[in-house]
Every structure is written in C-alpha cells, then in structure tokens.
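Input: a single structure, listed below in structure tokens.
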Amino acid sequence: MIREAVLTDLQKIVGKENVLNTPEGLKAYSYDGTTSWQHEPDVVVFPKTAGEISEILKLANKEKIPVTPRGGGTNVSGGSVPMLGGIVLVTTKMNNILKIDKENLSATVEAGVVLQDLTLKLAKDGLFFPPDPQSFLGATMGGIIAENAGGPACVKYGVTKQYILGIEAVLPTGEIVNLGGRTLKNVVGYDLLHIFISSEGTLGVVTKAELKLRPLPPAKKTIMAVYADVAVAGESVYRVLENGVIPDKIELLDNWVINRIEEMAPMGLPKDADAVLLFECDGIPETVEKETEKIVEIVKKYGASDVRVAKDQAEADKYWMARKAGFAAVFGKAPTVLSEDVTVPRGNIPALIKKIKEIAKKYNVESCVLGHAGDGNLHPSVLTDMKNKEHYERSIKAIDEIIESAVELGGVLSGEHGIGLEKQKFFNRVTNPVVVNLMKGVKNLFDPNNIMNPGKIWD
Amino acid sequence: MEDLKELKKIEKYADQCMKCGFCSFFCPVYQEEKVETAVARGKNYLVRQALKGEQKFTPEMGNIIGKCLLCKRCVANCPAKTQIDRVVVGARAQMVKNKGLGFIKNFAFRKVMSNRKAFGRYVKMAKAFQWMMPTTEGKIRHLPDFLKALGAGRNIPTLADKFLRDVVQRVNKPKNGKAPVMRVGFFSGCAMDFIFPEIALKMIDVLTNHGVEVVVPEEQNCCGAAIYFSGDFETGRMLAEKNIEAFKDFDYVVTGCGTCSSTLKDYQKYLPDTEDQQKRYEAFEKKVKDSTEFLIDVLKINPEEFKLKKEFVGKTATWHDPCHLVRYQNIKEQPRAILKALKGLNYVEMPNADMCCGMGGSFSVYHYDLSKKIALKKMDGIKTTGADIVVTACPGCMINLIDNVLQNKMPQKVHHYLELIE
C-alpha cells in the first residue's frame, strides 16, 4: 500500500482530478488486452507533461514504488499490468499531435496520441505512418514505441523502430532526455534510442516522439489466392518475395477462420479452401499493375487453386473486412482464446503450420491460424474456456508447445507483442545467459532502484 | 451475497468482451475523459467483477455505469460483438433491484411518467411556472432532473401552448376520401406531445395524405426509455404492457421519435422476465415502425413524391443520425433518401453524421458539461458542411442540437425532417 503522504504529493504534482484511487478505478487499471493477467495498482495518475512525469518518477524512485507506464492498455503481453502494485502512470491525457512537417516527412507527437487519430490527421496531408498494429484504434504512440509494434504492412515497410527518429523520455531517476534526433541519419555514439524502443516500459517513460512518415501511395490493389493446402499457401509467401515482388501486405486465413467469417457475415469466401492468402500491392499505379500480374502468375505456378484480383476498391474492402472479421471470428467463438505471436523465417511457415495442426490434434483442442504471413509472423490461436480447468490447462500446454516449435524452427518468441508477462517462462530458457545479463546491466544503468515496470521480461 | 438475477441475464454478453480496448476509439465519453472507467471495456470488467461477487454496487459503481450515453457506437464496432448496452442497462437494473430507485426517480418514474394523465398534469403545472425560471428539457422528460440543470445556461424550447393530446383527433381518415390502405396506431411520445405537437400533426397529415388511417389511442403511455434505461424494469414492464394493450388492434405502431420507436422495439431485448413476455414483446417489436422506415419500407413511397416546403427552397441541409435510429434500428438510408429527393434542397453529408450529439436522455442533465464537449464535435461536423439546416428525426436530438447550436453561436436551424415536407 502507498502511504497517504505519497498520495498527497502525487495530487500536488498532477492535480487532485488526475489521481485515481477509488476501488473501482484501481480495478479498471488492473488489466490489459491479455486473458490471464491482472493485478491492481495502488494508485493511478494521469500526468500531462514530461515535467510532471519527472516529478512522479523522482518521488517513486525515492520511495522505491513500482511504476507501470500505460497508454491505451491494448497490449497483449501483460506489459501494462501492474504486477507489483504501485503507481500506474497513464499517458492518455497527453494526446496532442504537436507538428506535422510535410517538408521533412515527419511528425512530432505526444505519447498518448492514438494511432488511428494520427492516421486520420496525416491522411489529410497525404501522409502516413507505416507501422499498423491491429490495435490501432486504441493503441497510443508511447505504447507502440515501447513495444516496437508491427502489423500487416511490415512486410514492405518494417516495424516501428524503423519509423522513430527520436524520442523525449523521462528516466526512472527523473531526468528528461532526448534520444535519437530529427534526422534520417544519426551515428552519434551508442544507439540508445533503439535500446529504449521495445524496452516495454522498463527503462523509462516515452513522452514525445519524432516520427518518420511516408507519402500515401496513390494506388493499391488486392489479390486473393485460394489454396487446398495451408502449407502450400505458406510456400507461396516466400515464392512471391523471392521472385522480386514486395507487396505491402500478405495475410493468411486458414479454413477454420474462413468458415467462421462465412457463418458470421457471408461474403463469398471459398469455404472448402484450406487457406487463403490476401496480398496488397501499393505504390504508383503502373508498378502496382505489374506487381499484381506478377503475383497472380507466381501463386498460380506454386499451387494456388484459384486467384481473384479485386476489380475495385469495394471488392478489396470486402476481402480486408474478412481479414479484420477473422479476428472477431476467433474471439467471438470461444469464452477464452489463447492467441500467440510467434515469428519464424518465412521459409519455415509451412513447417510451422503443419506443426500447429499436429499439436492441436495431440492435445485435442480446436486451433486456427491467421497472421501476417508476409513476415513470418503468425498468430496461431487455441480456443478454450478458462472456467473449464482441465481444458484450459491442456490448451496452455498446446500453446507452449507451439511456441517451442517456432523457436526450434529458427523463430523468435515474439514478433510484435513483446515478452511482458506472457512469454517470461520462455525468455530465460531460449535467451543466452550472457545476453540476459547484458540486458539486466542496461536496465540497472537506467533504473538503479528497479522501479520501472518491474516484474516483466526476465523476472 | 447480493441477489444478481438481472446481472445473470446479461452474463453471456459481458463474457464476450476480450478486453481489446477498440471501444475506446468509438466511445464519445472516453474520447473526452480518457479514463478506463468511462469506456465499455472498463464498465464491462467491473460488471464481471460484480458477477464474481468481487465488486459491490457502491455509489461510485453507480456513477460509472451511469456515465454511458448508450449510443451503441462501441457495440457497432466491437470485434467480439459485446453488447455493452445490455450489460450497462442490466447492471443499472440490478442496482435498482438491490438499492431501490431513490426518492426522486421513484416519484418521477412511478408516480408521474407511468401515468399518462398525471404526466400531462405535472407538465401543465410546470408550464404554468415556466416564466419563473430558466426552463430545461429536463423538466419535460425527467421532471425532477430539472432542478439539477438549473443555471447551467441551457437553451430549451418552451413547452407548447396546447399539448398534442388536447388538439389531436382520435381518428384521422385518409384525405382522399377513399377506403384506407392501412390503419395504423400513432405513438406520440412525450416530446411530441408537450413540445412539438405540430410535428406530430404534420406526420398524421403526411400519412393521411398517403391514404393511411391514423388512430391516436388515448390509452397509450410513455415509451419508457428514461425509465428502463435507468434500470427501473418494474415500471418499464408495466408501461410495456399498457402500450402493447393500447395498440393491440393495429398492424403497425408508427412514431416520429427515434427514441420512442427504438424503445418500443426493444422491450423484447431488455424487459422480459418470462417466456410469455418474451414472445409478446417480440410480436410487438414487429409492429413498431419509425416514421422514416414506415414511409419508405412499408408504404413504399417513392421519395420523389415528397415536396419541399417553399421556405426551405434553395437551402442546404445535412442529416444527423440519431443513435436510436442508426444503430438501434439500422435506419440510415431511408431519411437520406427522402432528403436527397426533395427538389430545391441541397443535401450535404456531415463528417461523423452517426456520432452521438451528446444528449443520451438524462445523461445530458446529469453530465451537462461533458454533454456539451461531446456535442462540440458534432458542431464541428455541422460547421464543415456549410449547411443552413440540420435535419434529424428524434426530438431528443433536436432539443440538444438546438441548445448547442445556440451555445456555439452558429447560424444553423434544427428541424425534424417532417417539417421540411409540404
């Protein structure tokens, strides 16, 4: 429990109206987007400036109170659950888009800006921020940076770290620092910026960011390829890329997902297909046309049973709606869904999909796969019910084995969600102890009293 | 352990939520407050805790589940199809069940609003004293809330000199003297009765012009929106029974108020306690039509047949979707079809046409400042259209839009779509 005096100090820093400690409020800040993790903080604060955050962290550092930073709380790794109580520091009230710089293709934003708000604003200037995590409707820029978020468009554009030029951050000891800068090139000493990106809130609090933007591509085209075997679909992914076409998205839906979508909102997807791949090409119209032709040619050659090119935006929207509905289809179908975030080298996608099927069979659980096949980042999911203890435990075992298989296939524990609490048990197992110690050393340097988001990653 | 009968009914909806947080983008309240207790996910989580016995119905819990417009924007966009409107209303019902209504609501719902004659008498009384104090919409639909909104600088339309009930004919035959193509019951609703009787008369006019016989049963009562959305299911059920009885002789029940049509249709969703009620309320739902869908979908009138009133010729109009039409009843295209077909009227779509105006029934009385902030976004949308008039089909929205247009010193006039038709 937090002392009364600390509460009073927090109220002095951010104002009484920005400190929340009602039992109901604490419950509402005890969770994130994960299923199984929750813990109540002792107090929730809503700072509005880096200066306020600095004061909060100085106080917490002096009193050795854990601080869990949090934006929209859409993350699915447990990263913003305050496992040790203490302070939840919420950035949602720091939500100003400070500058859009068309000349330099950059923007300056506060940490609490929601990605979709930014996307809508940038579109008016013909610009976009390429990372597109599927939580874009609620995720804040601070969280996106802290988790180094990805999304479907990463095949062509890369992940968050490639689009952050610099940040302003507050260190656990209260200093306000600027890491990186505003230029595209920057080799001034160690690259502390990129240590901070993907640090999952354990090194400090991002307060502001300088983003790298791109002009919105003038043309887009969507292709749906149908497969009788999900593993063949997996092969098509790298065949397309090795033949010199880089679409901005390559998404995969398996038979289970296709059928749930058709039950929910029939849109004419091939129900017998074992899988479909959705490709999107973007760029200048002539290039997009050529790339589309090339993709059709390659997927036909490598085993697609049917290929459809969306004739207009309406048809394309229909396919992408199906992809989005896939998410709903999975989560609406079972009381509890364990959805994973593993990434393998693209060539191993077919092997991983086969493995997932075997594992599901072995544990007698229903499973499905959808994901960003283009970068090898799959979200295999197992459907279960937390209230059915026996089934739930079996499902956990299946999911664990899926993760282990991905690692055996040369993959990584997480493509875009981070370690947080969800992947801790694997982290120490698969990470070289020397590397773990280096990471701990970095943490200790930034945060000597271990107040920033303690209990995460390796703990 | 507290009785949780009402919560148990909505448990399956609450369990749908997977805590993704997408609702935050669509929630007008969260967009202003940026606090987790404001958004569907937070409310849903607390209700689930209550179901587990880990959260009591504290006054703070009451504040939290009270602070929802029930605009259903989150529901329409929820990937997991969580029906948070049912969860919130169910939680309010449970709270009323366990803690009672409180003196003021008890008096308003059970002694005034649930008795048509008494309601009329009280509103007339209010009318007599209207000159004394700044009037508010609150005193019409939520008499006791009136006091809370005093001094907030709110603009409200004055009460009508003569209520609809005093001037309307019980039976209105088709104008052409021919046998009626259809006989429908007209549901007036409080706002049409006490504030906008001329719109109700206009609607009867439009319907009789198209060969429909319109009957206005005296036995009809308040639709119950404010009552059962506040969790008073007991009074809500009583009103449902009275209204179903009052309209038992008609194939259709038609109303010009988006909230009324939606509320009558949704008796089956919120109120049934027995299978028999479920069946009867569902049968009633099928009879209820909002005037927009009745004209276009049932009577199948070609929108081109509607003539624009002279005073609106050359004006630019934009449409505001009432939540109770666009999301509760999926009525979106019908009113637009009418407006677009009116020759001489220039129609412009506003950005965020489907976003709540901030009214939310008594929400705007309890949270007037917040309501104004939400309305500000609506006003921004209206401004970008350059429209002269904002058109809608819900008196509740009209009242709130009028207030906010005035508050923001905007030139637009607010109209019910029926007012535009010759």
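Chains as they are written, first to last, in the numbering used here: chain Y, 1 to 459; chain A, 460 to 881. In this text, a Cβ means the ideal position worked out from N, Cα and C, and glycines have one as well.
Reduced DSSP category for residue i - H, G, I as helix; E, B as strand; rest coil
i: A/HIS874; result: strand
i: A/GLY512; result: coil
i: Y/HIS417; result: coil
i: Y/TYR29; result: coil
i: Y/PHE128; result: strand
i: A/GLN736; result: helix
i: Y/VAL170; result: strand
i: Y/PHE426; result: helix
i: A/ASP862; result: helix
i: A/VAL548; result: helix
i: Y/GLU175; result: coil
i: A/ASN503; result: helix
i: Y/ARG308; result: strand
i: A/ASN668; result: helix
i: Y/GLU110; result: strand
i: A/TYR806; result: strand
i: A/ALA619; result: coil
i: A/LEU758; result: coil
i: A/LEU829; result: helix
Cross-chain neighbours of residue i in chain D, by beta carbon under 7 Å
i: Y/ALA28; result: You won't find chain D in this structure, because its protein chains are Y and A.
For residue i, the residue or residues it bridges with in DSSP
i: A/TRP778; result: A/VAL850
i: Y/THR183; result: Partner(s): none; Y/THR183 has no beta bridge.
i: Y/PRO380; result: Y/VAL369
i: Y/LYS249; result: Y/GLU280
i: A/PHE484; result: Beta-bridge pairing links A/PHE484 to no other residue.
i: Y/TYR238; result: According to DSSP, which records beta bridges pairwise, Y/TYR238 is partnered with nothing at all.
i: A/ASN631; result: A/VAL673
i: A/ASP749; result: A/THR714
i: Y/VAL342; result: Y/LEU378
i: Y/GLY268; result: For Y/GLY268, which the question treats as bridged, DSSP gives no partner whatsoever.
i: Y/THR336; result: Y/THR384
i: A/ARG642; result: A/GLU672
i: Y/LEU89; result: Y/VAL45 and Y/PRO69
i: Y/PRO215; result: Y/LEU127
i: Y/GLU471; result: Residue 471 of chain Y cannot be examined here, being either before or after the span of chain Y that is shown, 1 to 459.
Cα-Cα separation, residue i to residue j
i: Y/GLY138; j: A/CYS537; result: 12 Å
i: Y/PRO41; j: Y/THR68; result: 9 Å
i: A/ARG600; j: A/LEU865; result: Caution is warranted here: a pLDDT of 35 is assigned to A/ARG600, below 50, making its placement in the model unreliable, and the coordinate value is therefore given only provisionally. Cα-Cα distance, rounded: 21 Å.
i: Y/ASP375; j: Y/ALA231; result: 16 Å
i: A/LEU798; j: A/ASP625; result: 31 Å
i: A/ALA796; j: A/GLY579; result: 36 Å
i: A/VAL785; j: Y/GLU422; result: 40 Å
i: A/LYS464; j: A/LYS540; result: 23 Å
i: Y/VAL296; j: Y/LYS354; result: 25 Å
i: A/TYR489; j: A/GLU495; result: 7 Å
i: Y/ASP317; j: A/CYS486; result: 24 Å
i: Y/ALA209; j: Y/LYS249; result: 26 Å
i: Y/TYR392; j: Y/ILE359; result: 15 Å
i: A/ASP604; j: Y/GLN134; result: A caution first: A/ASP604 carries a pLDDT of 44, below 50, which makes its placement in the model too unreliable to give a value.
i: A/LYS842; j: A/GLY644; result: 38 Å
i: A/VAL772; j: A/ASP756; result: 26 Å
i: A/ALA619; j: A/MET651; result: 9 Å
i: Y/VAL44; j: Y/LEU26; result: 7 Å
i: A/LYS467; j: A/TYR726; result: 18 Å
i: Y/GLU110; j: A/PHE484; result: 17 Å
i: Y/CYS368; j: Y/ASN104; result: 43 Å
Which residues, in chain order, does the region 305–333 of chain Y contribute to contact with chain A at a C-beta distance below 7 Å? Listed by position along the chain: PHE327, ALA328, PHE331 and GLY332.
If the cut-off is 9 Å on Cβ atoms, which residues from the region 89–102 of chain Y count as contacting chain A, listed in chain order? Hits within the stretch, in order: VAL90, THR92, LYS93 and ASN95.
Positions along the region 530–557 of chain A whose CB lies within less than 7 Å of some CB in chain Y: Answer set for the region 530–557 of chain A: PRO538, ALA539 and LYS540.
Interfacial residues, the region 465–488 of chain A to chain Y, with Cβ spacing under 9 Å: Here the close residues are ASP474, GLN475, MET477, LYS478, CYS479, GLY480, PHE481, CYS482, SER483, PHE484 and PHE485.
Can you list, in chain order, the residues of the region 56–77 of chain Y whose Cβ is nearer than 7 Å to any Cβ on chain A? Result list: GLY72, GLY73 and THR74.
Short-range partners of chain Y found in the region 639–660 of chain A, where Cβ spacing is below 8 Å: Within the region 639–660 of chain A, contact with chain Y at the beta-carbon level (separation under 8 Å) is assigned to no residue.
Interface residues of the region 811–822 of chain A facing chain Y [CB-CB below 7 Å]: Answer in chain order: no residues at all.
Could you tell me whether the region 271–278 of chain Y touches the region 185–197 of chain Y, where touching means 3 or more Cβ pairs closer than 8 Å? No: the two stretches stay apart, fewer than three of their Cβ pairs being nearer than 8 Å.
Stretch-stretch touch, CB-based, cutoff 8 Å, three pairs: the region 296–308 of chain Y with the region 501–515 of chain A: Judged by Cβ distances under 8 Å, the region 296–308 of chain Y makes no contact with the region 501–515 of chain A, as fewer than three pairs qualify.
Does the region 82–99 of chain Y touch the region 197–217 of chain Y, meaning 3 or more C-beta pairs lie closer than 8 Å? By the Cβ rule, the region 197–217 of chain Y counts as touching the region 82–99 of chain Y, because three or more pairs are nearer than 8 Å.
Could you list the residues in the region 517–529 of chain A with a C-beta less than 8 Å from some C-beta on chain Y, going in chain order? Listed in sequence order: THR517, GLU519, MET520 and ILE523.
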